[in-house]
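Chains as they are written, first to last, in my numbering: chain A, 130 to 438; chain B, 130 to 438.
There are 2 protein chains.
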Amino acid sequence: MTTTHQNPHQTIAERADHYPTRYVEQPGLVDRNDPVVAGTAEDGPFDGDHLQRIEEKGYTQVPELFTASEVERMRQELNRLAGDPEVLADERTITEAGSGALRSVFEVHRTNELFRSVARDPRLVARAEQVLGGPVAIHQSRVNFKPGFTGKEFSWHSDFETWHAEDGMPTPRAISVSIALTENHAYNGPLMIMPGSHRRFVSCVGETPEENYRSSLVMQGAGTPDEGSLTRLYEEYGIDVLTGGAGGAIWFDSNCMHASPGNITPAPRSNVFIVYSAADNECGAPYAAPAPRPEFLGAREHREVLQSH
Amino acid sequence: MTTTHQNPHQTIAERADHYPTRYVEQPGLVDRNDPVVAGTAEDGPFDGDHLQRIEEKGYTQVPELFTASEVERMRQELNRLAGDPEVLADERTITEAGSGALRSVFEVHRTNELFRSVARDPRLVARAEQVLGGPVAIHQSRVNFKPGFTGKEFSWHSDFETWHAEDGMPTPRAISVSIALTENHAYNGPLMIMPGSHRRFVSCVGETPEENYRSSLVMQGAGTPDEGSLTRLYEEYGIDVLTGGAGGAIWFDSNCMHASPGNITPAPRSNVFIVYSAADNECGAPYAAPAPRPEFLGAREHREVLQSH
């Protein structure tokens, strides 16, 4: 569908927008207009079952994709970052509202040697290429730390909704991988996904404030789906709670409706998170924001196209 | 152990206190000094496996203890209460901080005909008698409603710690039953228990403010276990997430370390909660509070001793 809504942020020549959000007057569900899995089992390490799960549920899990010693190195590096005053002071570092504890460090695929090599690891790049059907580039990377006792919840959202509205990502041809550095239990703030929800796009209501990213990374505002749409998606798809051991990877489509509950247990939770986008899915002007977010949150140009072979 | 700590709230002739809390200077773990299961499989409906689980883990689950139509009647009654202005204005009703939505209605075994009959149902009373080894009385009852999207978390605590400190309950010879009126999923704010933790008592630090109950039912303060003790218990016992269908009952010892996470999903959660105490475990002066809590939170005298036969 080509929307006829008036988009106040339309800064480049009039674009068709199949995924209107924030400038709409009513919330609602739009069917996805882009492929989920573009490649086949012959194209890479994912077998047919994995690709089918991504196609149908929007996600798949690969246990032990990284070894215990690789995980240990990443965990040590995350601990080092959490204690580095320069990192804590960097604008690419997000700290917990209230406690000031480390929550996320962004753009680690550029700033950190270890995580740069992880992001370019063929185990990841080849799978991303396979799903997206060609060369890929990194849209975003970060390491996340959800402490015990005080880890805050993150409410339901589609990452693509934000990337489309605020970064100008044209289509949801992007896939994220979350590499667990700690065990994900059902009780310590695990990822929850509505399986199948990646095939529907929830148009959200509410204009994007200027520099929205400064608060939205800690507390959600614009881009929050309405309760009616979430209830419809829940009734249609239910909720999967994704658990698994350290070193395992969760691959999930950029438009999955997902959330994570708070973590009130003593068990902290950390992971490495990398978003691969199809190389030709380069960001343009934001679809619904006064200005694009900074480069560390969403790569503006696909300067570094990755290839696994 | 007979504590030698100075208890400023010692209002009756000096009592030995095996479970010192709040008036202590350091937090710490004390081994339980009272039986968990006093009866045998011959004494009532629980078989040996159930009693063993209560003895070892501190809890057991009985699926489908109430029928679908009984659950439906209770759910309708809870909905009626949630819309009754008189109930909402009653001091025995707790509403969610912020939204004002119904969270709990206390003392329903006295004020509400349906829940009075539930609390006296032989399926419940006979099991409570069996565990506690004799006649029982109700210490507290309530119906709980945790709404979708905004259901708040409840941090780790032992109910007995509060009942001992603030109600003057001498020993943890009390058992609670939670009857699910909705399905308990891993994702909609389920009960979490550290299995085995009922054998340890966590002495908490921090004096009880006057009329503490007015805030503690919504937000926890005094009686909050320290993170060090919680981490020790977690490392020793782990965490069980208790899921199950509507109509199922969770029985758990009064000293279980338990919590429930927030509920950010669209699926609300409600239950009926009744605490049975051994008839001779009558409350005296509070062990660590300026004055006892009101009768609706903790029965002062066991005026109504229940018997299933």
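Heads up, the beta-carbon is just placed ideally off N, CA and C, and yes, glycines get one too.
Indicate whether residue i and residue j have their beta-carbon atoms separated by less than 9 Å.
i: P415 (chain B); j: G335 (chain B); result: no
i: L327 (chain A); j: M386 (chain A); result: According to the sequence provided, residue 327 (chain A) is His. The question's Leu does not apply to it. Contact flag set, yes.
i: V331 (chain B); j: S305 (chain B); result: no
i: T311 (chain B); j: G352 (chain B); result: no
i: S287 (chain A); j: P354 (chain A); result: yes
i: G377 (chain B); j: P192 (chain B); result: yes
i: S393 (chain A); j: A396 (chain B); result: This sequence places Ile at residue 393 (chain A); Ser is not what is there. Cβ distance not < 9 Å, so I393 (chain A) and A396 (chain B) don't count as in contact.
i: Y148 (chain B); j: F381 (chain B); result: no
i: R302 (chain B); j: L158 (chain B); result: no
i: S211 (chain A); j: L231 (chain A); result: The identity of residue 211 (chain A) in the sequence shown is Ala, whereas the question assumes Ser. Yes.
i: S270 (chain B); j: V370 (chain B); result: no
i: P421 (chain A); j: C412 (chain A); result: yes
i: A408 (chain B); j: V265 (chain B); result: yes
i: E295 (chain A); j: A417 (chain A); result: yes
i: S406 (chain A); j: I223 (chain A); result: no
i: T337 (chain A); j: R151 (chain A); result: yes
i: Y342 (chain A); j: P214 (chain A); result: no
i: S399 (chain A); j: R204 (chain A); result: yes
i: C333 (chain B); j: V216 (chain B); result: no
Between the C-alpha atoms of residue i and residue j, what's the straight-line distance to the nearest angstrom?
i: F244 (chain B); j: E220 (chain B); result: 18 Å
i: A282 (chain A); j: V401 (chain A); result: Per the sequence shown, the amino acid found at residue 282 (chain A) is Glu instead of Ala. Their Cα atoms are separated by approximately 18 Å.
i: A218 (chain A); j: A226 (chain A); result: 15 Å
i: P299 (chain B); j: N410 (chain B); result: 6 Å
i: H314 (chain B); j: G277 (chain A); result: 22 Å
i: R144 (chain B); j: E339 (chain B); result: 22 Å
i: I368 (chain A); j: F425 (chain B); result: 37 Å
i: Y366 (chain A); j: E171 (chain A); result: 30 Å
i: G373 (chain A); j: S284 (chain B); result: 24 Å
i: D176 (chain B); j: P319 (chain B); result: 25 Å
i: T364 (chain A); j: N208 (chain B); result: Per the sequence shown, residue 364 (chain A) should be read as Glu rather than Thr. If you take the alpha carbons of E364 (chain A) and N208 (chain B), they lie about 21 Å apart.
i: G391 (chain B); j: A248 (chain B); result: 27 Å
i: S307 (chain B); j: N273 (chain B); result: 10 Å
i: P174 (chain A); j: P174 (chain B); result: 55 Å
i: R239 (chain B); j: K275 (chain B); result: 22 Å
i: T360 (chain A); j: I322 (chain B); result: 29 Å
i: G206 (chain A); j: V254 (chain B); result: Rather than Gly, the amino acid found at residue 206 (chain A) in this sequence is Glu. Approximately 56 Å, taken between the alpha carbons.
i: Y316 (chain A); j: Y316 (chain B); result: 9 Å
i: G168 (chain B); j: A257 (chain B); result: 10 Å
i: R429 (chain B); j: D146 (chain B); result: 19 Å
i: I379 (chain B); j: G325 (chain B); result: 15 Å
i: F289 (chain A); j: D160 (chain A); result: 14 Å
i: F195 (chain B); j: D178 (chain A); result: 41 Å
i: Q190 (chain A); j: G350 (chain B); result: 40 Å
i: A309 (chain B); j: H293 (chain A); result: 41 Å
i: E356 (chain B); j: E356 (chain A); result: 35 Å
i: L362 (chain B); j: L362 (chain A); result: 38 Å
Within 10 angstroms of its Cβ, does residue i collect 16 or more other Cβ (buried), or is it exposed?
i: N162 (chain B); result: exposed
i: E236 (chain B); result: buried
i: G427 (chain A); result: buried
i: E242 (chain B); result: exposed
i: G229 (chain B); result: exposed
i: V434 (chain B); result: exposed
i: S246 (chain A); result: exposed
i: Q155 (chain B); result: exposed
Is residue i a contact residue of the ligand HEM, with contact defined as CB to any heavy atom under 8 Å?
i: L371 (chain B); result: Among the components modelled here there is no ligand, and therefore nothing to report on the ligand HEM.
Exercise. Is the number of C-beta pairs between the segment 176-185 of chain B and the segment 196-203 of chain B that are closer than 8 Å three or more?
Worked result: no
Exercise. Just checking, does the segment 161-175 of chain A make contact with the segment 261-272 of chain A on the three C-beta pairs under 8 Å criterion?
Worked result: Below 8 Å, enough C-beta pairs join the segment 161-175 of chain A and the segment 261-272 of chain A to call them touching: three or more.
For this session: Pull out every residue of the segment 274-285 of chain B whose Cβ sits closer than 8 Å to any Cβ of chain E, in chain order.
Result: Absent here is chain E; the protein component of the structure consists of chains A and B.
For this session: Go through the segment 250-298 of chain A residue by residue and report every complete run of the alpha helix (DSSP H) that reaches 4 residues or more, in order.
Result: As far as the segment 250-298 of chain A is concerned, its whole alpha helix (DSSP H) runs of at least 4 residues are 251-261 and 288-291.
For this session: Kindly provide the ranges of any alpha helix (DSSP H) runs that are 4 or more residues long and lie completely inside the segment 324-410 of chain B, ordered along the chain.
Result: 342-345 and 356-366
Exercise. Which ranges would you report for the beta strand (DSSP E) in the segment 154-236 of chain B if only whole runs of at least 3 residues count?
Worked result: 188-191, 222-224 and 231-235
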